[in-house]
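Peer 1: Line order of the protein sequences matches chains Y and F. For what it's worth, this note's numbering labels the leading residue of the first sequence as 1495, then goes sequentially. For what it's worth, this note's numbering labels the leading residue of the second sequence as 184, then goes sequentially. Submitted below is the structure of interest, expressed as structure tokens.
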Amino acid sequence: MKRELARHINLFEFSAKEVAAKTKPGQFVILRIDEDGERIPLTIANADEQKGTIAVACHEVGRTTTQLGRLKEGDSVSDLLGPLGKPARIEKYGTVLCVGGGVMVAPLHFQAQAFREAGNNVIGVVGATTKDHLIFLDEMETTCNELFVATDDGTKGYKGMDFLSDLLKEKKIDRVVAEGPIVMMKTVSDLTRQHGIPTIVNLIPIMVDGMGMCGACRVTVGEKTLFACVDGLEFDGHQVDFDELLARMKMYTTQEKIAYVFSEEEGRN
Amino acid sequence: MSTPKPKIRKDAVPMPKQPPEERAHNFREVAIGYSEEQTLAEAERCLQCREAPCIKGCPVEIDIPTFIKLVRESKFAEAAKKIKEKNILPAVCGRVCPQEEQCQAKCTVGKIGDPTSIGRLERFVADWERQHGCETPQKCPATGKKVAVIGAGPAGLTVAADLIKLGHEVTIFEALHKLGGVLSYGIPEFRLPKKIVEAEAEYVEKLGVTMKTNALIGRLYTVDELLKQFDAVFIGSGAGLPTFMGIPGENLCRVYSANEFLIRVNLMRSYDFPKSGTPICGGGKVAVVGGGNVAMDAARCAIRLGASEVRIVYRRSKEEMPARAEEIENAEEEGIIFEFLTSPKRLIGNERRAVKAMECVRMRLGEPDKSGRRRPVPIEGSNFVMDVDMVIMAIGRTPNPIIGQTTEGLKTTEWGGIVADENGKTSVEGVYAGGDIVTGEATVISAMGAGRRAAKAIHAFLMRKENCVEAEKTGEKQQNPRQQH
């Protein structure tokens, strides 16, 4: 199944019975489209054991994500590995604030559902750069007890995440879970630090194998170096070195452009 | 024995290689391999001595004199069959085994000159067979027993092949998208072409082993869950976890673990970027930290990716280097610079958080340590800064802890290995382990040896109630016509 969530953002449902049976919110898969393809990690947005499917949302930003975006209903990918990473810690905390940004709202929704089922009062925030990139609004509306919307340019809802500081003051929030762009997760963590609210960020850096072999996804958390693929994806947002992570995410920017142009030209020939 | 024998040539037939200036710019195989004439000439150097000390030097006990005798008679298909009785990966082992420490170290000819080049002969025979089609051996009658093998590396493939020949049903669970384990992700194309790994893994598949790739045990299924579906489980998950030094700056951009660097280059074919979608940093000055075969592999990949300068930084001297002499020589020929008695202290980054320099300290050798090698001691005040554009940490690999962490009652070591006896028996009944997951990082052939012993033990375990002879009497002999491929 393929469903367009926004321009260049799609939700894919893959038949993967064994993976679906084992998947918990917070876990991810690694997929490879074809023989020449790179291995990319995607956080799982839903798993349906009965149907034997898992869902991932993907924003077309480079070669592999664009190729993925071109897949049609009924197509398959050459490799799908999962579920990887540790499941998210889902407990009854009280009030949980789930802040999602961009394409990552989809996997965050999977967690929000689990928090709700665990008896939490769930406040959701759906964020995006602009109105047209907001996704999963209906789903989050249904799942959360309360929902806020924010865009970087203010085209819908609050402008930016600054409104959160008032929200954190007004409400008694027991736990914050953020999933989205690194800058957003950093902003949220900086805000909640002032209020001393435990904050979990879901990090999905550049990975190759996704099972602890390469260390490409290493992040500094407090004094320690951890591997997002096996120690995560959940980390303490107040301890993560976001600036280092941001730099590491940009390590292949030039090559990514080359790969994209190459594959677009190949596609035309 | 009274007839006088022709004099044995003291020098081995040299291995033809791509010239260093050429090969430093491509990923094609360095050693080209013997021609048929060269093979026959080298085979003549074997004394066919009765003691056959070479066999004792081989971890899987290949009948070396017999296969060499068949080579002399130009019976290459039969020679290949002889080797495959004991070794299912001959084209791999002929290339990457440290024969100089094993079979060839014991060779009688070695006392008067170069030992017989057993590895090169093995390679020729295996390559000949691959090009001319190989026979699928006969299997024992089906036992109805099922075995799960975790990891399609040298240990796992050996266990699987041995057990399927004995009539058991075998499924391999491989976490990566390709078979071969370290042979696919670790050893570079120019030392071990991947089509050879594919062909030898395919041979195991042809024997009837079910291959399940993209299946990470510990996440997709636990070992306990496998034990509900299978009568025995073998863990051959290898030593795939990278080690870092723990010095400041290791998380800067363009600092790689050797594992990441090699996985990108070998498994993901980054050298073929952008056709292959996986990028790699390259060019400029590269420092590789470490002195083992992995360090040599990483350095030699780096030079091929277009580095202007590659330095191997090793804290002891050349004599203590764990890498094979042959690989050190190859690296030297390709222009790799060695900085012995040097140890990194910290990595220094630029404004974009990419590594730009490495501060090192010079070392001297002190008293021998537990390993018997002289311990390197820093020389105070000898610190200096080396300009680098990329650093590769090749200081060892440890076992992946996922299986240990997710298997109830499975005893593990402090460093994350699985505790097993010499036959691979672990603390859990029906669960066996072998290869790097038990010993820590070692050789391909020692993992295969461990696989062979574990297969024997698993077979005995499966047959402990109704033994194999009984099964043969009652069960129908399976008709398995020999197939030519």
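The C-beta atom is built at its ideal place from N, Cα and C for all residues, glycine as well.
Of all Cβ atoms in chain F, is any one closer than 8 Å to the Cβ of methionine 1679(Y)?
Peer 2: For the purposes of this step, residue 1679(Y) is taken as the residue at position 185 of the first sequence. No, methionine 1679(Y) does not count as interfacial toward chain F.
Peer 1: Could you round the C-beta distance between glycine 1618(Y) and proline 1581(Y) to whole angstroms and report it? I think they count as a contact, below 8 Å.
Peer 2: For the purposes of this step, residue 1618(Y) is taken as residue 124 along the first sequence, with counting starting at 1. For the purposes of this step, residue 1581(Y) is taken as residue 87 along the first sequence, with counting starting at 1. Actually they do not touch by this definition, with Cβ atoms about 20 Å apart.
Peer 1: What is the DSSP secondary structure of tyrosine 1754(Y), counted as helix, strand or coil?
Peer 2: Counting from one through the first sequence, the residue named residue 1754(Y) turns up at place 260. Helix, per DSSP.
Peer 1: Tell me the residue span of the alpha helix (DSSP H) that contains methionine 1634(Y).
Peer 2: For the purposes of this step, residue 1634(Y) is taken as the residue at position 140 of the first sequence. Where methionine 1634(Y) is concerned, the enclosing alpha helix (DSSP H) stretches over 1631 to 1637.
Peer 1: For a contact defined as C-beta to C-beta under 8 Å, what are the partners of leucine 1578(Y) on chain F?
Peer 2: Residue numbering aside, residue 1578(Y) sits at position 84 when the first sequence is read from its first letter. Here the neighbours are Leu399, Arg402.
Peer 1: I want to check one thing, is the minimum distance from the CB of glycine 1520(Y) to the heavy atoms of the ligand SAM below 7 Å?
Peer 2: Of the ligands one can find in the structure shown there are none, so the ligand SAM has no counterpart to examine.
Peer 1: How about the region 383 to 401 of chain F and the region 524 to 543 of chain F: do they share at least three Cβ pairs that are nearer than 8 Å?
Peer 2: no
Peer 1: Can you tell me which of the three DSSP states glutamate 1760(Y) falls into?
Peer 2: Your numbering for residue 1760(Y) matches position 266 in the first sequence. Helix, per DSSP.
Peer 1: What separation, rounded to the nearest whole angstrom, lies between the Cα atoms of arginine 467(F) and leucine 304(F)?
Peer 2: If you number the second sequence from 1, residue 467(F) lands on position 284. If you number the second sequence from 1, residue 304(F) lands on position 121. Residue identity check: residue 467(F) is glycine in the sequence provided, not arginine. Cα-Cα distance, rounded: 39 Å.
Peer 1: For the region 1642 to 1655 of chain Y against the region 1572 to 1587 of chain Y, do three or more pairs of beta-carbon atoms, one drawn from each stretch, fall closer than 8 Å, so that the two count as touching?
Peer 2: no
Peer 1: Could I get the ranges of all uninterrupted alpha helix (DSSP H) runs contained in the region 398 to 436 of chain F, with 4 residues as the minimum, in chain order?
Peer 2: 406 to 412
Peer 1: What number of angstroms, rounded off, separates the C-alpha of cysteine 1592(Y) from the C-alpha of aspartate 1668(Y)?
Peer 2: The sequence position of residue 1592(Y) within the first sequence is 98, counting from 1. The sequence position of residue 1668(Y) within the first sequence is 174, counting from 1. So the two alpha carbons sit approximately 11 Å from each other.
Peer 1: Looking at the C-beta of glutamate 443(F), does it have a partner C-beta in chain Y at a distance below 8 Å?
Peer 2: Along the second sequence, one-based indexing puts residue 443(F) at 260. By this cut-off, glutamate 443(F) is an interface position.
Peer 1: Would you identify the three-state DSSP class for alanine 470(F), choosing helix, strand or coil?
Peer 2: For the purposes of this step, residue 470(F) is taken as residue 287 along the second sequence, with counting starting at 1. Strand, per DSSP.
Peer 1: Quick one: is methionine 479(F) buried, meaning 16 or more other Cβ sit within 10 Å of its Cβ, or exposed?
Peer 2: On the second sequence, residue 479(F) is found 296 positions in, with the first residue counted as 1. The residue in question, methionine 479(F), is buried, as its Cβ has 16 or more Cβ neighbours within 10 Å.
Peer 1: So with Cβ pairs under 8 Å, would you call alanine 1741(Y) a contact of chain F?
Peer 2: Here residue 1741(Y) corresponds to residue number 247 of the first sequence, with the count starting at 1. Yes, alanine 1741(Y) lies at the interface with chain F (some Cβ there is under 8 Å from its Cβ).
Peer 1: Who are the near neighbours of lysine 239(F) in its chain, counting only those whose CB is closer than 7 Å to its CB and skipping five residues on each side?
Peer 2: As a working note, residue 239(F) is residue 56 in the second sequence. Correct list, in chain order: Lys289.
Peer 1: With three or more C-beta pairs closer than 8 Å as the rule, is the region 546 to 565 of chain F touching the region 495 to 505 of chain F?
Peer 2: yes
Peer 1: Just to confirm the assignment, what range does the beta strand (DSSP E) spanning serine 440(F) have?
Peer 2: Counting from 1 along the second sequence, the entry for residue 440(F) is found at position 257. First-last of the beta strand (DSSP E) with serine 440(F): 438 to 440.
Peer 1: Is alanine 508(F) buried or exposed, if buried means 16 or more other CB atoms sit within 10 Å of its CB?
Peer 2: Position 325 of the second sequence, counting from 1, holds the residue named residue 508(F). So alanine 508(F) ends up on the exposed side.
Peer 1: Arginine 1526(Y) versus chain F: which residues are under 7 Å apart at the beta carbon?
Peer 2: What you label residue 1526(Y) is simply residue 32 of the first sequence in a count that begins at 1. Taking a Cβ-Cβ threshold of 7 Å, the residues of chain F close to arginine 1526(Y) are His360, in chain order.
Peer 1: Could you check where the beta strand (DSSP E) with aspartate 1450(Y) kicks off and where it finishes?
Peer 2: This structure leaves residue 1450(Y) out entirely; chain Y is present only between 1495 and 1763.
Peer 1: Nearest-angstrom Cα distance between lysine 411(F) and glutamate 1507(Y)?
Peer 2: Start at 1 with the first residue of the second sequence, and residue 411(F) comes out as number 228. Start at 1 with the first residue of the first sequence, and residue 1507(Y) comes out as number 13. One C-alpha to the other measures close to 30 Å.
Peer 1: Using a Cβ-Cβ cut-off of less than 7 Å, list which residues of the region 1549 to 1574 of chain Y approach chain F; keep chain order.
Peer 2: Arg1557, Thr1558, Asp1573, Leu1574
Peer 1: Counting only beta-carbon atoms, is aspartate 1730(Y) nearer than 8 Å to chain F?
Peer 2: The residue you call residue 1730(Y) lines up with position 236 of the first sequence. Chain F, which has no Cβ nearer than 8 Å to the Cβ of aspartate 1730(Y), makes this no.
Peer 1: Between glycine 1706(Y) and serine 526(F), what straight-line distance do the alpha-carbon atoms span, to the nearest angstrom?
Peer 2: Start at 1 with the first residue of the first sequence, and residue 1706(Y) comes out as number 212. Start at 1 with the first residue of the second sequence, and residue 526(F) comes out as number 343. So the alpha carbons of these two residues sit roughly 26 Å apart.
Peer 1: Which residues, in chain order, does the region 561 to 583 of chain F contribute to contact with chain Y at a C-beta distance below 7 Å?
Peer 2: Sequence-ordered contacts of the region 561 to 583 of chain F with chain Y read Asn583 [C-beta pairs closer than 7 Å].
Peer 1: Taking only beta carbons into account, state which residues of the region 460 to 485 of chain F come closer than 7 Å to chain Y, listed in chain order.
Peer 2: Gly460, Thr461, Pro462
Peer 1: Identify the contact partners of glycine 423(F) in chain Y, using a Cβ-Cβ distance below 7 Å as the criterion.
Peer 2: Mapped onto the second sequence, residue 423(F) falls at position 240. Correct list: Met1707.
Peer 1: Identify the contact partners of serine 440(F) in chain Y, using a Cβ-Cβ distance below 7 Å as the criterion.
Peer 2: The sequence position of residue 440(F) within the second sequence is 257, counting from 1. By Cβ distance, chain Y contributes Cys1708, Gly1709.
Peer 1: What is the DSSP secondary structure of isoleucine 1548(Y), reduced to helix, strand or coil?
Peer 2: As a working mapping, residue 1548(Y) is identified with position 54 in the first sequence. The answer is strand: DSSP assigns isoleucine 1548(Y) an E or B state.
Peer 1: Please list the partners that glycine 1531(Y) has in chain F, where partner means a Cβ-to-Cβ separation under 8 Å.
Peer 2: Taking the first residue of the first sequence as 1, we reach residue 1531(Y) at position 37. Ordered by position in chain F, the residues that pass the 8 Å Cβ test against glycine 1531(Y) are Gly460.
Peer 1: Quick one: what does DSSP say isoleucine 578(F) is sitting in, helix, strand or coil?
Peer 2: Against the second sequence, residue 578(F) aligns to sequence position 395. It is coil, neither helix nor strand.
Peer 1: For the beta strand (DSSP E) that valine 1620(Y) lies in, which residues bound it at each end?
Peer 2: The count along the first sequence starts at 1 and reaches residue 1620(Y) at position 126. From DSSP, the beta strand (DSSP E) with valine 1620(Y) extends over 1615 to 1622.
Peer 1: What residues from chain F crowd round arginine 1712(Y), counting only those whose CB sits closer than 7 Å?
Peer 2: As a working mapping, residue 1712(Y) is identified with position 218 in the first sequence. Ordered by position in chain F, the residues that pass the 7 Å Cβ test against arginine 1712(Y) are Asn434.
Peer 1: Consider the Cβ of phenylalanine 456(F): report whether some Cβ of chain Y lies at a distance smaller than 8 Å.
Peer 2: For the purposes of this step, residue 456(F) is identified with residue 273 of the second sequence, where counting begins at 1. Yes, contact with chain Y.
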